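Undergrad: Residue numbers (this note's numbering): 9 to 413. Using N, Cα and C, we set each Cβ at its ideal position, and we do this for glycine too. Since we're looking at a predicted model, the values are computed, not measured.
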Amino acid sequence: MRFPTVQEQLDIIVGNVVEILSVDELEQKLLQSLKTSRPLKIKLGADPSRPDLHLGHSVVLRKLREFQDLGHEAILIIGDFTAMIGDPSGKSKTRPQLSAEEARQNGESYFEQASKILDPEKTTICYNSDWLGFMKFADVIRLSSHYTVARMLERDDFEKRYRAQEPISIHEFLYPLAQGMDSVHLKNDVELGGTDQKFNLLVGRDLQREYGITPQVCITMPLLVGTGGGEKMSKSLGNAICFNDSPADMYGKMLSIPDTLIETYCRLLVPPADKKGIEILSKRIEEPRTAKRALAKKIVALYYSNSEAADAETHFDQIFIHKKAPDHIELIEFEEQSLPMIDLLTILGAAVSKSEARRMIQQKSVLVDDRKIEEITECIELEIEPKIIRVGKRKFFKVATKKTF
RNA sequence: GGGUAGGUAGCGAAGUGGUUAAACGCAACAGACUGUAAAUCUGUCGACUAUGUCUUCGGAGGUUCGAAUCCUCCCCUACCCA
């Protein structure tokens with residue numbers, strides 16, 4: 009196969025990126041790689057404490073895939089060691105510490121999900137505990153001596169917290185350094201990350217230089233806004249569309265994004281090859297609904313298949329347009345023949361507490377076979393013939409009794 | 001080590017002895033209108049054996065008929081001094 013020229017490669021790499029530090033260096037590296045027939049090492053860090061990948065992750069993963077397709081080497085680093093620190097980027101909450109085993113498992117799950125975008129055959133996966141775990145305290149001291157407090161405080165996040173007189177723990181300073189050590193260890197040529205990773209990426213660059221390695225090129229990708237339209241997509245904010253969401257969920261969540269996001273989503277989430285029809289639609293502002301449906305269908309197809317995407321759409325129409333229950337709901341059987349509605353709702357998990365179940369009924373959002381439950385004291389009579397329970401717009405349950413009397 | 005200011009529900013933030021399960025804002029949830037869009041309106045938003053009861057205001061004790069509010073000790077955070 010013919011390797012693409014530097015310019016051809018650059019044209020692809022530049023797509024959707026926010027910043028490349030620096031383009032000149034990247035060009036040099038690409039040139040060098042062509043001359044020596046040595047692929048570039050492209051690094052992407054993965055946080056195993058959050059193994060649920062969502063469309064936000066896909067932005068940067070797609071970029072990594074593009075590098076793979078250009079013949080470069082993708083290295084996925086599972087930050088099992090750094091997870092013990094918890095990246096202080098953005099919202100800083102102490103994360104639960106992972107055991108080594110959990111970290112491995114999550115790492116594998118991450119890789120498996122990422123394989124929906126990456127070429128798994130051509131992806132190198134490694135765990136940073138393999139080198140960070142063996143550093144001695146003396147090594148850490150040496151490492152920390154390369155950086156100053158003032159430089160650390162330059163980081164936007166630290167600076168804000170510092171000014172707001174919020175706590176910053178010493179170990180948080182170690183996070184960028186640890187991540188930087190990954191780059192020193194790997195001697196990678198490029199590191200990819202979201203814009204929130206810029207500082208960390210730059211530390212990696214500095215440290216490589218300190219350790220006598222050609223510094224990596226840092227490429228930042230935009231952060232995807234969540235389905236709510238405000239904050240960045242994040243599982244914990246509940247505004248994420250996950251790789252593992254069912255096709256129906258994925259489709260539904262896609263339709264719930266604000267119209268203003270259609271174009272952005274289309275640009276960042278759909279690979280250029282698949283973009284055509286949707287792109288045109290997304291520009292037709294008078295038809296946002298059509299565009300959104302096409303986009304939603306495409307997204308589902310990307311993570312599942314065309315037929316599953318079509319099913320998701322049918323399913324959606326049935327529930328939300330025709331307001332009917334879905335065809336397939338898992339049947340839940342009970343020993344009892346009669347149960348108070350409130351109890352049933354909590355058992356089914358439709359409500360977290362009985363108080364909440366009560367509220368659901370009071371707010372007239374509970375239907376049994378299309379009949380509205382009016383009284384909180386009401387009991388449901390379970391029969392062999394299953395009954396459909398609907399709570400709110402999107403929760404459906406099918407219940408019956410096991411016993412024949 | 002000394003001093004100052006703080007710690008209130010998912011978050012932000014009022015409240016400084018008595019209708020306070022705790023104002024208000026955001027988020028969330030439900031309903032109306034829709035296109036599971038936005039905007040808007042309404043309601044909900046600790047739990048339970050439920051027109052009442054129980055548990056919450058960093059933690060543990062104490063004062064009081066009554067404490068998020070007063071006292072003591074402890075823990076945590078920021079800032080200043082060393």
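#1: With DSSP as the reference, please indicate the residues paired to Leu52 in a beta bridge.
#2: State buried or exposed for Lys168, treating a residue as buried only when at least 16 other CB atoms are found within 10 Å of its CB.
#3: With distances taken between CB atoms, is the gap from Ile249 to Thr235 smaller than 8 Å?
#4: Measuring only the C-alpha atoms, how far is Thr322 from Arg58?
#5: Would DSSP call Pro348 helix, strand or coil?
#6: Rounded C-beta distance between Val14 and Leu42? I'm assuming under 8 Å.
#7: Take Thr409 and list the residues in its own chain whose beta-carbon comes closer than 8 Å to its own, dropping the five residues that flank it on each side.
#8: Please name the residue in Tyr311, Val399, Ser30 and Leu185 whose C-alpha comes closest to that of Ala122.
#9: Could you check whether the segment 173–180 touches the segment 15–29, counting it as contact only if at least three pairs of C-beta atoms, one from each stretch, sit closer than 8 Å?
#10: Smallest Cα separation from Asp204: which of Ala333, Phe166 and Ser191?
#11: Throw me the rounded Cβ distance for the Val68 and Gly202 pair, which I believe falls under 8 Å.
#12: For Glu382, report the span of its alpha helix (DSSP H) as first-last.
#13: How big is the Cα-Cα spacing for Asp127 and Leu52?
#14: When the Cα atoms are used, what is the spatial distance from Met160 to Ile227?
#15: Just to confirm the assignment, what range does the alpha helix (DSSP H) spanning His163 have?
#16: Arg398 lies in the beta strand (DSSP E); which residues open and close that run?
#17: With respect to the alpha helix (DSSP H) encompassing Phe207, which residues constitute its N-terminal and C-terminal limits?
#18: How would you label His336, buried or exposed, when you count the other beta carbons within 10 angstroms and need 16 or more for buried?
#19: When you compare only the Cα positions, how much space is there between Ala54 and Ile83?
#20: Within 10 angstroms of the Cβ of Leu339, are there 16 or more other Cβ atoms? Answer buried if so, exposed if not.
#21: Using CA atoms only, rank isn't needed, just tell me which of Met189, Leu269, Trp139 and Val374 is closest to His154.
#22: Can you name the residues that DSSP bridges to Met229?
#23: Measuring straight from C-alpha to C-alpha, what distance separates Ala359 and Glu382?
#24: If you drop the 5 nearest sequence neighbours on each side, which residues of the same chain put their C-beta closer than 6 Å to that of Lys206?
#25: Specify, as a first and last residue, the run of the beta strand (DSSP E) that Lys403 falls within.
#26: Rounded to the nearest angstrom, how far is the Cβ of Asn372 from that of Lys380, given a contact under 8 Å?
#27: Quick one: Cα of Ala158 to Cα of Glu180, how far?
#28: Going by DSSP, which residues form a beta bridge with Arg135?
#29: Closest to Cys195 by C-alpha separation, out of Ser177, Ile178, Val278 and Arg217, would be which residue?
#30: What three-state label does DSSP hand Lys372 in the structure shown?
#31: Between Phe404, Lys401, Phe89 and Gln187, which lies nearest to Pro114 when the distance is taken from Cα to Cα?
#32: Based on Cα-Cα distance, which residue from Ala299, Gln36, Pro266 and Pro56 lies nearest to Asp197?
#33: Can you confirm whether the segment 69–83 touches the segment 252–271 when touching is taken to mean that 3 or more C-beta pairs between the two stretches lie within less than 8 Å?
#34: Mind checking whether Pro296 and Asp267 have CB atoms under 8 Å apart?
#35: Buried or exposed: where does Ser313 fall if 16 or more other Cβ atoms within 10 Å of its Cβ makes it buried?
#36: Using beta-carbon positions only, say whether Met258 and Ile329 come within less than 8 Å of one another.
TA: In brief:
#1: For the purposes of this step, residue 52 is taken as residue 44 along the first sequence, with counting starting at 1. Answer is Leu84 and Leu200.
#2: By one-based count along the first sequence, residue 168 stands at place 160. Here Lys168 is exposed, its C-beta having fewer than 16 other C-beta atoms within 10 Å.
#3: Translated into positions along the first sequence, residue 249 becomes position 241. Translated into positions along the first sequence, residue 235 becomes position 227. Yes, the pair counts as a contact, with Cβ atoms nearer than the cut-off.
#4: Position 314 of the first sequence, counting from 1, holds the residue named residue 322. Position 50 of the first sequence, counting from 1, holds the residue named residue 58. If you take the alpha carbons of Thr322 and Arg58, they lie about 32 Å apart.
#5: Residue mapping note: residue 348 aligns to position 340 of the first sequence, counting from 1. Three-state DSSP puts Pro348 in a strand.
#6: Counted from its first residue, the first sequence places residue 14 at position 6. Counted from its first residue, the first sequence places residue 42 at position 34. Between Val14 and Leu42, the beta carbon gap of about 6 Å places them in contact (Cβ cut-off 8 Å).
#7: In the first sequence, counting from the first residue as 1, residue 409 sits at position 401. Here the set comprises Glu341, Phe342, Glu343, Glu344, Gln345, Leu390, Glu391 and Ile392.
#8: Taking the first residue of the first sequence as 1, we reach residue 122 at position 114. Shortest Cα-Cα distance from Ala122 to any of Tyr311, Val399, Ser30 and Leu185 involves Tyr311.
#9: With a cut-off of 8 Å, the segment 15–29 and the segment 173–180 do not count as touching, because too few Cβ pairs lie within range.
#10: For the purposes of this step, residue 204 is taken as the residue at position 196 of the first sequence. When only C-alpha atoms are compared, the closest one is Phe166.
#11: Stepping through the first sequence from its first residue, residue 68 is reached at position 60. Stepping through the first sequence from its first residue, residue 202 is reached at position 194. Contact holds; Cβ gap of about 6 Å.
#12: Taking the first sequence and counting its residues from 1, the one referred to as residue 382 is at position 374. Annotation: Glu382 is outside any alpha helix (DSSP H) and is labelled neither H nor E by DSSP.
#13: Numbered from its first residue, the first sequence carries residue 127 at position 119. Numbered from its first residue, the first sequence carries residue 52 at position 44. Straight-line Cα distance between these residues: approximately 14 Å.
#14: Taking the first sequence and counting its residues from 1, one reaches residue 160 at position 152. Taking the first sequence and counting its residues from 1, one reaches residue 227 at position 219. Whole-angstrom Cα-Cα distance: 20 Å.
#15: Within the first sequence, the letter at position 155 stands for residue 163. It should be pointed out that residue 163 corresponds to Arg in this sequence rather than to His. The continuous stretches of alpha helix (DSSP H) do not include Arg163, and DSSP gives it neither H nor E.
#16: Indexing the first sequence from 1 puts residue 398 at position 390. Where Arg398 is concerned, the enclosing beta strand (DSSP E) stretches over Lys395 to Val399.
#17: Here residue 207 is taken as the residue at index 199 of the first sequence, counted from 1. In this chain, the alpha helix (DSSP H) harbouring Phe207 covers Lys206 to Glu218.
#18: Along the first sequence, one-based indexing puts residue 336 at 328. Exposed, by the Cβ-count rule.
#19: Taking the first residue of the first sequence as position 1, residue 54 is located at position 46. Taking the first residue of the first sequence as position 1, residue 83 is located at position 75. Cα-Cα distance, rounded: 10 Å.
#20: Mapped onto the first sequence, residue 339 falls at position 331. Leu339 is exposed by the Cβ-count criterion.
#21: Working through the first sequence from its first residue, we reach residue 154 at position 146. Nearest in C-alpha terms to His154, of all of Met189, Leu269, Trp139 and Val374, is Met189.
#22: As a working note, residue 229 is residue 221 in the first sequence. Met229 is bridged to Gly202.
#23: Against the first sequence, residue 359 aligns to sequence position 351. Against the first sequence, residue 382 aligns to sequence position 374. Cα to Cα, the separation comes out at about 17 Å.
#24: Position 198 of the first sequence, counted from the first residue, corresponds to residue 206. So the qualifying residues of the chain are Thr228.
#25: Within the first sequence, numbered from 1, the residue matching residue 403 stands at position 395. Membership of Lys403 in the beta strand (DSSP E) is indicated by the continuous run Lys403 to Thr409.
#26: Mapped onto the first sequence, residue 372 falls at position 364. Mapped onto the first sequence, residue 380 falls at position 372. The identity of residue 372 in the sequence shown is Lys, whereas the question assumes Asn. Yes, Lys372 and Lys380 are in contact; Cβ-Cβ is about 6 Å, under 8 Å.
#27: As a first step, residue 158 must be located in the first sequence, where it is residue number 150. As a first step, residue 180 must be located in the first sequence, where it is residue number 172. Straight across, the Cα-Cα distance linking Ala158 with Glu180 is about 14 Å.
#28: Residue numbering aside, residue 135 sits at position 127 when the first sequence is read from its first letter. The sequence shown places Tyr at residue 135, rather than the Arg named in the question. Paired residues: Ile86.
#29: If you number the first sequence from 1, residue 195 lands on position 187. Inspection of the sequence shows that residue 195 is occupied by Lys rather than by Cys. For Lys195, the nearest C-alpha among the options comes from Arg217.
#30: Residue numbering aside, residue 372 sits at position 364 when the first sequence is read from its first letter. In the structure shown, Lys372 falls within a coil segment according to DSSP collapsed to helix, strand and coil.
#31: Walking along the first sequence from the start, residue 114 turns up at place 106. A quick correction: the sequence has Asn, not Pro, at residue 114. Taking the Cα of Asn114 as reference, the smallest distance to any Cα among Phe404, Lys401, Phe89 and Gln187 is reached at Phe89.
#32: Reading the first sequence from its first residue, position 189 is the one you call residue 197. With respect to the C-alpha of Asp197, the residue from Ala299, Gln36, Pro266 and Pro56 having the closest C-alpha is Gln36.
#33: Contact check between the segment 252–271 and the segment 69–83: fewer than three CB pairs, one atom from each, fall below 8 Å, which does not count as touching.
#34: To locate residue 296, count along the first sequence from 1; it is residue 288. To locate residue 267, count along the first sequence from 1; it is residue 259. In contact: Pro296 and Asp267 (Cβ atoms closer than 8 Å).
#35: In the first sequence, the residue the question calls residue 313 occupies position 305. Flag for Ser313 reads exposed.
#36: If you number the first sequence from 1, residue 258 lands on position 250. If you number the first sequence from 1, residue 329 lands on position 321. Ile329 sits away from Met258, with the two beta carbons spaced by 8 Å or more.
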